[in-house]
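K.L.:
Please find one structure pasted underneath; my questions will follow.
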């Protein structure tokens, strides 16, 4: 997702300094007019604002505080924006260490996936102080369609956890409903049609319901990622002494999908677990 | 819901013959120009099309086949339309008995509640033969905004079961997400706002999410009704040899809400179970 996002920033007139752990990405983007850097520290040396878009909490920690990490650059006056899906407690720890080094920190995870990144229509949930948000807003507005300042540091990640809980559970809801309908002899496509506009309507019924009806489970959002996000939400809940019974059950269903070889399929493939574990097809390109 | 529905039919020019088991309803509607009848059989004697809007499967059975029931009238050429939420297997039995007596049967349950009935904007999910549907369509179009012919007899009830499964589970999803957000120190109103337009968006986030944020749990759809609908979907699944694990868990959460005295609250009050069973407030009028 970082690639289309950096292109939007460049097109908006920013000088974009880039680093990626993936081979080829830096060269590709440098050829488009961005400035290559050979470490996160080198990016932070040159850029006033540093944006992270990496896979998980561990990767954020490595980019910020590992060898060659952002922390090795002088951070006074720098603004660090983490746009990945990162743990809440870790986010607060990272922000505190950046603040000690003189920088500001905003957590700004997104919903909308690669399509949203390409279209600059990402939904952005931001956490941080008012001043840091004021600095981040013009940059984030280039990347997303809607930005909500949810609260202080970590609040963006809390909102993202809430988002992922709802997406996973709504997928589970549509999966049970359509699997039941099919087993009861009704056409799932017509049932989905009949439900549109009523209280059962949702983006998940629209997007993932369509995937369940057509049986096309090329990702999209992968089952393994959804499973990771549910685990992260459950970890947060456990830290708060709280049980999320439906989220826990849903993660178990994703485990069954993954165990049956479906981890690389779109998260809508959860319906296969309900219809029959034996039928899970591990090949996402079969359609 | 039968009251506003019968008024729409009258306004559309139909001669409306009415029976109700509730005292006062027949007198009230007769005063508006409808024809009173003293039993379901008397309605079926006079009307070519008989519409049922009663509370559950047992009530449908009593109105059709109990003393003074529809079956006591000559049914040749009559069309019976059941618009309540009725069991699928029972619907197929009822339709077969009506067919033996020479009548036709359509199951046409609705989503949209009393507000949808008042506004004639109900979402109608219909099951039955093509010819019966052709007869029912002009009548149903007076009552609803959208009508989908889902399939043969019982398919409307299958779609309604799917609808209720999704509504209950989506409420559970928003409840876990917003309870988590609040416990993690974020403002649930801002989190709900941040999620709008993304993959987590739904009618339930819009309507029931707003109730959870404001804490106004005056019904709306009652928790006891949602619990009954989940039980009915699980019964259908069991008949088909199928497990719906999230639906089963969700019904258990509604049981806890009801046990704590919240059965008369809106089904959005499920969030109280997650926040703390002790805090469940049985008074739906406290706001």
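Residue numbers (the working numbering), protein chains in the order written: chain A, 8 to 294; chain B, 8 to 294. Glycine is no exception: its CB is placed at the ideal position from the N, C-alpha and C atoms. These numbers were taken from a predicted model, which means no experiment stands behind them.
1) Sort 243/B, 152/B, 248/B and 135/B by Cα distance to residue 125/B and report the nearest one.
2) Per DSSP, which residues does residue 111/A bridge with? Please list them.
3) Could you confirm whether any beta carbon from chain D is found closer than 8 Å to the beta carbon of residue 190/B?
4) Taking Cβ to Cβ, would you say residue 114/B is nearer than 8 Å to residue 130/B?
5) My guess is that residue 170/B and residue 207/A are in contact by the Cβ rule of under 8 Å, so how many angstroms apart are they, rounded?
6) Would you tell me roughly how many angstroms separate the C-alpha atoms of residue 285/A and residue 186/A, rounded to the nearest one?
7) Does the segment 217 to 231 of chain B touch the segment 267 to 279 of chain B, meaning 3 or more C-beta pairs lie closer than 8 Å?
8) Would you say residue 197/A lies against chain B (beta-carbon separation less than 8 Å)?
9) Here's the rule I'm using: 16 or more other beta-carbon atoms within 10 Å means buried, otherwise exposed. How should residue 212/A be labelled?
10) Excluding the five sequence neighbours on either side, which residues of its own chain have a C-beta within less than 6 Å of the C-beta of residue 163/B, listed in chain order?
11) Note down, in chain order, every chain B residue with its Cβ under 7 Å from the Cβ of residue 200/A.
12) Report, in whole angstroms, the separation of the C-beta atoms of residue 46/A and residue 75/A, which I expect to be a contact under 8 Å.
13) Check whether the Cβ atoms of residue 191/B and residue 220/B lie closer than 8 Å to each other.
14) Please name the residue in 238/B, 23/B and 67/B whose C-alpha comes closest to that of residue 38/B.
15) Among 67/A, 245/A, 247/A and 54/A, whose alpha-carbon lies nearest the alpha-carbon of residue 83/A?
16) Are there 16 or more other CB atoms within 10 angstroms of the CB of residue 13/A, so buried, or fewer, so exposed?
17) Any Cβ of chain B within less than 8 Å of the Cβ of residue 208/A?
18) Can you say whether residue 111/A is buried or exposed, counting buried as having 16 or more other CB atoms within 10 angstroms of its CB?
19) Going by beta carbon distance, what residues of the same chain come within less than 7 Å of residue 120/B, once the five residues before and after it are set aside?
20) Residues of the segment 109 to 130 of chain A with a CB closer than 7 Å to any CB of chain B: list them in chain order, please.
21) Using the three-state DSSP reduction, which class does residue 268/A fall into: helix, strand or coil?
22) What are the complete alpha helix (DSSP H) segments, minimum 4 residues, inside the segment 159 to 205 of chain B?
23) With a threshold of 8 Å on Cβ separation, who are the neighbours of residue 138/A within its own chain once the five nearest residues in sequence on each side are excluded?
24) Any Cβ of chain B within less than 8 Å of the Cβ of residue 240/A?
25) Comparing C-alpha positions only, which one of 194/B, 178/B, 244/B and 246/B sits nearest to residue 280/B?
26) Given that residue 94/A touches chain B, what residues does it touch there, using C-beta distances under 8 Å?
27) Please name the residue in 136/B, 118/B and 210/B whose C-alpha comes closest to that of residue 166/B.
28) CB-CB under 7 Å to residue 58/A, same chain, minus the five flanking residues each way: which ones, in chain order?
29) Indicate the three-state DSSP secondary structure (helix, strand or coil) for residue 24/A in the structure shown.
30) I'd like to check one pair, residue 103/A with residue 77/A: are the Cβ atoms closer than 8 Å?
31) How big is the Cα-Cα spacing for residue 252/A and residue 11/B?
32) Taking only the alpha-carbon atoms, compute the straight-line gap between residue 172/B and residue 236/B and give it to the nearest angstrom.
33) In this structure, how does DSSP classify residue 236/A when only helix, strand and coil are distinguished?
34) Cβ closer than 7 Å: which chain B residues qualify as neighbours of residue 162/A?
35) Per DSSP, what kind of secondary structure is residue 117/A in: helix, strand or coil?
36) In this structure, how does DSSP classify residue 91/B when only helix, strand and coil are distinguished?
P.N.:
With the given structure in hand:
1) Here residue 125/B corresponds to residue number 118 of the second chain, with the count starting at 1. When only C-alpha atoms are compared, the closest one is 152/B.
2) Within the first chain, numbered from 1, the residue matching residue 111/A stands at position 104. The partner list for residue 111/A (beta bridge, DSSP) reads 86/A.
3) Included in the structure are the protein chains A and B, with no chain D among them.
4) Along the second chain, one-based indexing puts residue 114/B at 107. Along the second chain, one-based indexing puts residue 130/B at 123. Taking 8 Å as the Cβ cut-off, residue 114/B and residue 130/B do not qualify as a contacting pair.
5) By 1-based counting over the second chain, the position of residue 170/B is 163. By 1-based counting over the first chain, the position of residue 207/A is 200. Yes, residue 170/B and residue 207/A are in contact; Cβ-Cβ is about 5 Å, under 8 Å.
6) Counted from its first residue, the first chain places residue 285/A at position 278. Counted from its first residue, the first chain places residue 186/A at position 179. With a pLDDT of only 36 at residue 285/A, under the threshold of 50, the placement of this residue in the model should not be trusted, and no figure is reported.
7) yes
8) As a first step, residue 197/A must be located in the first chain, where it is residue number 190. So yes, residue 197/A belongs to the interface.
9) Numbered from its first residue, the first chain carries residue 212/A at position 205. Answer is buried; the Cβ neighbour count reaches 16.
10) Taking the second chain and counting its residues from 1, the one referred to as residue 163/B is at position 156. Closer than 6 Å at Cβ, skipping near neighbours: 114, 115, 116, 132, 133, 134 and 157.
11) Here residue 200/A is taken as the residue at index 193 of the first chain, counted from 1. By Cβ distance, chain B contributes 155.
12) Walking along the first chain from the start, residue 46/A turns up at place 39. Walking along the first chain from the start, residue 75/A turns up at place 68. The pair is a contact, with the Cβ atoms about 4 Å apart (cut-off 8 Å).
13) Walking along the second chain from the start, residue 191/B turns up at place 184. Walking along the second chain from the start, residue 220/B turns up at place 213. Taking 8 Å as the Cβ cut-off, residue 191/B and residue 220/B do not qualify as a contacting pair.
14) Counting from 1 along the second chain, the entry for residue 38/B is found at position 31. Closest by alpha carbon: 23/B.
15) One-based indexing of the first chain puts residue 83/A at position 76. Per the Cα distances, 54/A.
16) For the purposes of this step, residue 13/A is taken as residue 6 along the first chain, with counting starting at 1. The residue is buried, with at least 16 neighbouring Cβ atoms inside 10 Å.
17) Within the first chain, the letter at position 201 stands for residue 208/A. Yes - at least one Cβ of chain B is within 8 Å of the one on residue 208/A.
18) Start at 1 with the first residue of the first chain, and residue 111/A comes out as number 104. With 16 or more other Cβ atoms within 10 Å, it is buried.
19) Stepping through the second chain from its first residue, residue 120/B is reached at position 113. Here the set comprises 228.
20) 118, 119 and 130
21) Against the first chain, residue 268/A aligns to sequence position 261. Correct three-state label for residue 268/A: helix.
22) 162 to 190 and 195 to 202
23) Along the first chain, one-based indexing puts residue 138/A at 131. 111.
24) As a working mapping, residue 240/A is identified with position 233 in the first chain. Interface residue, yes.
25) For the purposes of this step, residue 280/B is taken as the residue at position 273 of the second chain. For the residues 194/B, 178/B, 244/B and 246/B, the minimum Cα distance to residue 280/B belongs to 178/B.
26) What you label residue 94/A is simply residue 87 of the first chain in a count that begins at 1. Ordered by position in chain B, no residue passes the 8 Å Cβ test against residue 94/A, which lies about 11 Å from the chain.
27) For the purposes of this step, residue 166/B is identified with residue 159 of the second chain, where counting begins at 1. Checking every option, the nearest Cα to that of residue 166/B belongs to 118/B.
28) By 1-based counting over the first chain, the position of residue 58/A is 51. Here the set comprises 88 and 90.
29) Residue numbering aside, residue 24/A sits at position 17 when the first chain is read from its first letter. DSSP places residue 24/A in strand when its eight states are reduced to three.
30) For this step, residue 77/A is matched to residue 70 along the first chain. For this step, residue 103/A is matched to residue 96 along the first chain. Not in contact: residue 77/A and residue 103/A (Cβ atoms no closer than 8 Å).
31) Taking the first residue of the first chain as position 1, residue 252/A is located at position 245. Taking the first residue of the second chain as position 1, residue 11/B is located at position 4. Residue 252/A and residue 11/B: Cα-Cα distance of roughly 40 Å.
32) As a first step, residue 172/B is located in the second chain; it is residue number 165 there, counting from the start. As a first step, residue 236/B is located in the second chain; it is residue number 229 there, counting from the start. So the two alpha carbons sit approximately 8 Å from each other.
33) Here residue 236/A refers to the residue found at position 229 of the first chain. DSSP places residue 236/A in helix when its eight states are reduced to three.
34) The count along the first chain starts at 1 and reaches residue 162/A at position 155. Residues of chain B passing the Cβ test: 193.
35) As a position in the first chain, residue 117/A is number 110, starting the count at 1. Strand at residue 117/A.
36) The sequence position of residue 91/B within the second chain is 84, counting from 1. Coil.
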